[in-house]
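Numbering (our numbering), first residue to last: 351 to 442.
For reference, the structure discussed in these notes is given below.
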Amino acid sequence: MDYQNHYIKLIQTRQLLNRVKNNDGYLESHHIIPRCLGGGNNNENLVLLTPREHYIAHWLLYKMYDGVQKAKLAYAFFKMSSNNQNQQRKFN
351 MDYQNHYIKL
361 IQTRQLLNRV
371 KNNDGYLESH
381 HIIPRCLGGG
391 NNNENLVLLT
401 PREHYIAHWL
411 LYKMYDGVQK
421 AKLAYAFFKM
431 SSNNQNQQRK
441 FN
């Protein structure tokens, strides 16, 4: 499976939606280039995803990389399944 191609398509199609955070639905900010791989917090590197899309994006990123980068992305993927005082996630 071409995980990178699936990731790119997911991000590009969601960017075209021009979503905004409001009370109509729950959305999460996703770093297109993960911070652990050098991505920043600038608007060009952020896209709003549903919780399901966000989970899939992190799974695809994990599958795309090897070595040290894979370990960093595994940690980020694991954190998708947890809450803390700064981040309350919705699970289904």
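Where is the CB? At the ideal position from N, CA and C, for every residue including glycine.
By Cβ distance, which residues of its chain are closer than 7 Å to residue i, with the 5 residues on each side in sequence left out?
i           : result
residue 379 : 396, 398
residue 357 : 407, 410, 411, 414
Tell me the rounded alpha-carbon separation between residue i and residue j.
i           : j           : result
residue 414 : residue 408 : 10 Å
residue 390 : residue 382 : 9 Å
residue 372 : residue 388 : 29 Å
residue 418 : residue 426 : 13 Å
residue 384 : residue 375 : 24 Å
residue 311 : residue 402 : In the structure displayed, the chain extends from 351 to 442; residue 311 sits before or after that span and is not available.
Does the separation of the CB atoms of residue i and residue j fall below 8 Å?
i           : j           : result
residue 406 : residue 360 : yes
How would you call residue i, buried or exposed, if buried means at least 16 neighbouring beta carbons within 10 angstroms?
i           : result
residue 364 : buried
Leaving out five residues before and five after residue i in sequence, what residues of the same chain have Cβ atoms less than 6 Å from its Cβ?
i           : result
residue 430 : 405, 408
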